[in-house]
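In the UniProt record's numbering, the protein residues as written are 1 to 916.
The following block contains the structure:
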């Protein structure tokens with residue numbers, strides 16, 4: 001037996017430098033006797049088979065509607081929820097026994113509060129399934145223990161983060177309390193509170209038992225008609241190509257037979273990448289060692305809450321009269337050669353890596369200093385580039401779904417994600433906004449890039465317990481996609497943001513260039529640290545829940561746009577052409593607005609799903625039939641359309657359009673020219689005067705009205721000019737072949753000098769657009785929002801008889817009345833808000849902010865959120881007008897004014913060029 005404190009001292013005394021990135025496996029101790037060699041999970045029951053049974057536990061059927069591969073938390077939850085939604089001919093294949101691989105050794109913690117409204121809802125469903133629903137349905141206990149959760153804050157910023165969670169929880173009725181150090185000591189007498197700033201206590205958090213949960217789920221599913229087959233490894237996936245050239249799932253192969261099926265769900269965890277390769281599908285995750293130790297008995301620990309000490313990067317899970325101690329280190333061990341034989345095995349614990357967690361645990365609970373280590377648990381876990389799961393239908397193969405890459409959260413997210421995945425499979429879309437988990441959030445150029453997967457997954461792992469600040473950016477795998485303006489903007493001090501692999505301008509630093517360097521793994525694995533790293537230092541100054549130090553710089557960019565003229569590099573936008581014999585039919589069906597106006601018109605529109613939820617907002621420009629002059633003009637003998645789409649969601653849009661075209665059988669071609677063109681947007685009262693000196697076209701409102709486009713010459717280069725605005729000012733976008741980008745940009749800047757032109761970035765766009773009431777997809781506009789709820793009814797051709805995807809759902813909603821509605825709120829006090837603040841109407845929580853920024857023109861904080869009627873009734877304009885509203889930020893309430901129209905330029909004059 002080893003004592004935690006003694007073990008820490010011994011390891012530190014013989015510490016050696018960490019070995020290279022891929023081979024950190026040796027030990028530095030003089031003998032193994034200084035540490036326990038016992039490797040076992042702290043659960044009374046596991047599903048490991050000891051009798052040597054071989055071969056499948058049941059005969060394989062010839063056909064199944066869905067085959068779920070992997071019998072861990074996600075596989076069992078998905079199977080159960082498919083059955084709950086009415087499917088019966090569903091099969092789960094597990095290569096060993098249920099829970100094998102990762103689930104069997106997981107810590108099984110469930111925390112209800114996360115900095116995401118969707119995740120709060122997913123966790124709530126998991127908790128409901130595990131704590132009550134399954135037991136009521138089966139009469140079996142799952143092993144749920146509600147002992148509460150305690151989040152430790154050692155500094156003000158951490159406590160501010162917890163207060164944000166507490167405020168969000170009020171919108172969902174989740175009980176939580178901010179405690180002082182003294183109150184924390186009363187709750188948890190064994191805790192050292194001398195270095196605490198405060199804690200957040202959530203009484204109804206708890207723990208789950210892996211074997212009990214998965215066994216109960218499988219029994220409930222089989223009672224509803226499902227088939228669970230263990231000891232049956234998958235050896236291949238059969239794909240067929242249909243008459244339209246579309247790859248579709250055909251069958252699942254095993255050594256014991258083949259199951260014909262149109263749908264497979266990859267819930268194979270660490271092994272999901274191998275399973276994906278069988279189908280030609282990229283699964284961007286990586287396997288790492290993840291560990292915890294189990295202590296001997298601790299007097300007085302019984303019934304204590306589970307603890308997350310994020311600043312020490314450690315968690316303490318109650319295990320009866322003992323604790324499990326684990327965490328996230330900056331130097332995790334990658335599992336390079338994932339073994340197919342690994343089922344209920346554990347790795348030897350690398351104490352060199354793990355000991356950093358012991359110091360934090362002993363500091364927090366000093367009794368651990370003299371507590372023995374009963375056993376170690378070090379097993380494989382799968383991690384992803386943004387520490388979010390991989391879900392949804394793979395873009396490469398129709399019918400191949402992902403439910404993997406859960407970053408040690410597969411148990412607590414399993415119920416919510418299993419339900420959403422089942423809905424996705426049956427109805428084509430999940431019920432909730434799952435874009436943050438959707439595999440299509442990653443551009444296809446990244447999902448098979450090993451450097452990107454490795455670096456980003458490492459950083460996400462290492463920063464898992466870091467404070468989630470509003471404007472943080474990754475340091476790993478940057479400069480993957482750069483537009484033609486990148487170098488010249490960097491030289492002018494551009495601080496870049498990363499979106500979809502692109503480097504896009506965030507804001508412009510006045511202290512010179514801040515280039516982004518190669519990733520240094522936070523100096524782990526003997527990788528030299530990037531010293532004097534200006535970009536990293538700038539990000540560090542952003543680590544605040546107050547206004548950032550460069551707040552005034554963003555203000556100046558915004559006000560220059562409002563009062564003079566600014567240029568925005570928006571080159572990362574997706575740029576697609578839709579052509580072909582059925583292009584008009586496809587456009588009518590895909591887009592909510594009537595885009596079949598005269599050639600030369602540009603229309604702002606949405607794309608919906610069957611439930612009327614917004615899958616995208618974008619602009620569609622109708623083109624003249626013409627021969628090809630790419631990239632500005634595609635070849636077309638009939639209808640052709642140019643689609644400009646927010647770059648961060650381009651892959652999602654591409655996949656959505658392709659799926660609709662395939663499902664409807666439209667004979668169309670979708671062409672991606674994103675990489676072939678740059679795009680700058682020149683906006684502000686002086687934009688017309690400036691551009692009239694650069695373009696060879698009459699820019700008067702009569703000759704070039706709002707929402708139109710044409711091919712023009714800019715400084716001798718052909719470009720497509722569009723009169724549009726994302727910031728609420730008069731302005732034009734120039735879509736430019738990449739070889740012409742820099743000459744056109746330099747001409748614009750030279751002509752704009754006398755008008756006071758400035759470069760501006762997306763931080764300014766965020767502020768300017770929210771002032772004007774323009775929506776940002778996946779912020780205040782998501783797949784679970786309809787255009788009617790979002791105030792975008794004007795984008796829908798409801799007054800015509802033209803059918804479009806989602807129209808029936810909108811008609812039904814319009815007839816019934818809106819049960820929720822987006823509302824704009826302003827706060828007079830100079831206080832920063834970032835979204836997730838709870839909205840109260842007459843003292844009752846009715847929603848939360850989705851998005852918030854400071855509006856420099858109106859000199860107020862602005863936020864948008866969807867509100868509901870607590871009585872379940874219609875949310876009418878009178879309901880909004882008659883209420884008194886407050887917003888809660890970090891436990892403090894602020895009086896707010898509700899607006900049904902944008903508080904800035906509500907008559908929409910400025911985009912039309914009407915000033916004064």
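Yeah, the Cβ is synthetic: ideal placement off N, Cα and C, and Gly gets one too.
Just so it is clear, the structure is predicted and the values come from calculations on it, not from any experiment.
Next on the checklist: So, for residue 49: in the same chain, excluding its five sequence neighbours on each side, which residues have a beta-carbon less than 7 Å away from its beta-carbon?
Outcome noted: 97
Checklist entry - At which residue ranges does the stretch 402-452 contain complete alpha helix (DSSP H) runs of 4 or more residues, listed in the order of the chain? => result 410-427
Checklist entry - Which residues in the same chain as residue 265 place their Cβ atom closer than 6 Å to its Cβ, once the five residues preceding and following it in sequence are excluded? => result 68, 78, 401, 403
Item to check | Of the residues 193, 691, 127, 521, the one placed nearest residue 746, counting alpha carbons only | outcome: 691
Checklist entry - If we ignore side chains and look at the alpha-carbon of each, how far apart do residue 42 and residue 177 end up? => result 30 Å
Checklist entry - Would you say residue 726 faces chain C, with C-beta separation under 8 Å as the test? => result Annotation note: the requested chain C is absent from the structure, which comprises a single protein chain.
Item to check | Length-filtered (3 minimum) beta strand (DSSP E) runs lying within the stretch 640-664 | outcome: 640-645
Next on the checklist: Along the chain, where does the beta strand (DSSP E) containing residue 880 start, and where does it finish?
Outcome noted: Run containing residue 880: none in the beta strand (DSSP E); it sits in the alpha helix (DSSP H), 877-881.
Checklist entry - Hey, which unbroken runs of the beta strand (DSSP E) at 3 residues or more fall wholly within the stretch 526-591? => result 566-569, 574-579
Checklist entry - Does the separation of the CB atoms of residue 384 and residue 457 fall below 8 Å? => result yes
Item to check | Helix, strand or coil at residue 379 according to DSSP, with G and I counted as helix | outcome: strand
Next on the checklist: Measuring only the C-alpha atoms, how far is residue 638 from residue 625?
Outcome noted: 6 Å
Next on the checklist: According to DSSP, is residue 333 part of a helix, a strand, or is it coil?
Outcome noted: coil
Checklist entry - If you drop the 5 nearest sequence neighbours on each side, which residues of the same chain put their C-beta closer than 6 Å to that of residue 785? => result 614
Next on the checklist: Tell me the rounded alpha-carbon separation between residue 800 and residue 251.
Outcome noted: 44 Å
Checklist entry - What span of residues does the alpha helix (DSSP H) with residue 158 cover, start to end? => result 156-171
Item to check | Delimiting residues of the alpha helix (DSSP H) encompassing residue 104 | outcome: Careful: residue 104 lies outside any alpha helix (DSSP H) and carries neither H nor E.
Checklist entry - Exposed or buried, what is residue 235 when buried is set at 16 or more other beta-carbons lying within 10 Å of its beta-carbon? => result exposed
Checklist entry - Smallest Cα separation from residue 514: which of 486, 499, 529, 500? => result 486
Item to check | CB contact flag (residue 594, residue 802, <8 Å) | outcome: yes
Next on the checklist: Rounded to whole angstroms, what is the Cα-Cα separation between residue 903 and residue 221?
Outcome noted: 52 Å
Item to check | Cβ neighbours of residue 523 in the same chain (closer than 6 Å, five flanking residues each side left out) | outcome: 529
Checklist entry - Excluding five sequence neighbours on each side, which residues of the same chain lie with their C-beta closer than 6 Å to the C-beta of residue 169? => result 113, 176
Item to check | Inter-residue Cα distance where the pair is residue 16 and residue 298 | outcome: Interpretation of residue 16 is limited by its pLDDT of 37, a score under 50 that renders its predicted location unreliable; no figure is taken from the coordinates.
Next on the checklist: Assess contact between the stretch 294-311 and the stretch 142-150, defined as three or more Cβ pairs (one per stretch) separated by less than 8 Å. Is contact present?
Outcome noted: yes
Checklist entry - From residue 881 to residue 898, what does the alpha carbon distance come to, in whole angstroms? => result 7 Å
Next on the checklist: Can you look up residue 918 in the DSSP assignment and give me helix, strand or coil?
Outcome noted: Residue 918 is absent from the structure shown; the chain starts at 1 and stops at 916.
Checklist entry - When we look at the beta-carbon of residue 584 and count the other beta-carbons within 10 Å, is it buried (16 or more) or exposed? => result buried
Item to check | Inter-residue Cα distance where the pair is residue 619 and residue 644 | outcome: 5 Å
Checklist entry - With a cut-off of 8 Å, do at least 3 Cβ pairs link the stretch 746-758 to the stretch 590-610? => result no
Item to check | Simplified DSSP state of residue 610, which is helix, strand or coil | outcome: coil
Item to check | From 355, 153, 179, 650, residue whose alpha carbon lies closest to that of residue 777 | outcome: 650
Checklist entry - Taking the alpha helix (DSSP H) that residue 746 falls in, what are its first and last residues? => result 741-752
Checklist entry - CB-CB under 7 Å to residue 599, same chain, minus the five flanking residues each way: which ones, in chain order? => result 622, 623, 624
Checklist entry - Name the DSSP beta bridge partners of residue 288, please? => result 334, 381
Checklist entry - Among all the DSSP beta bridges, which residues are the ones paired with residue 87? => result Per DSSP, none; premise fails for residue 87.
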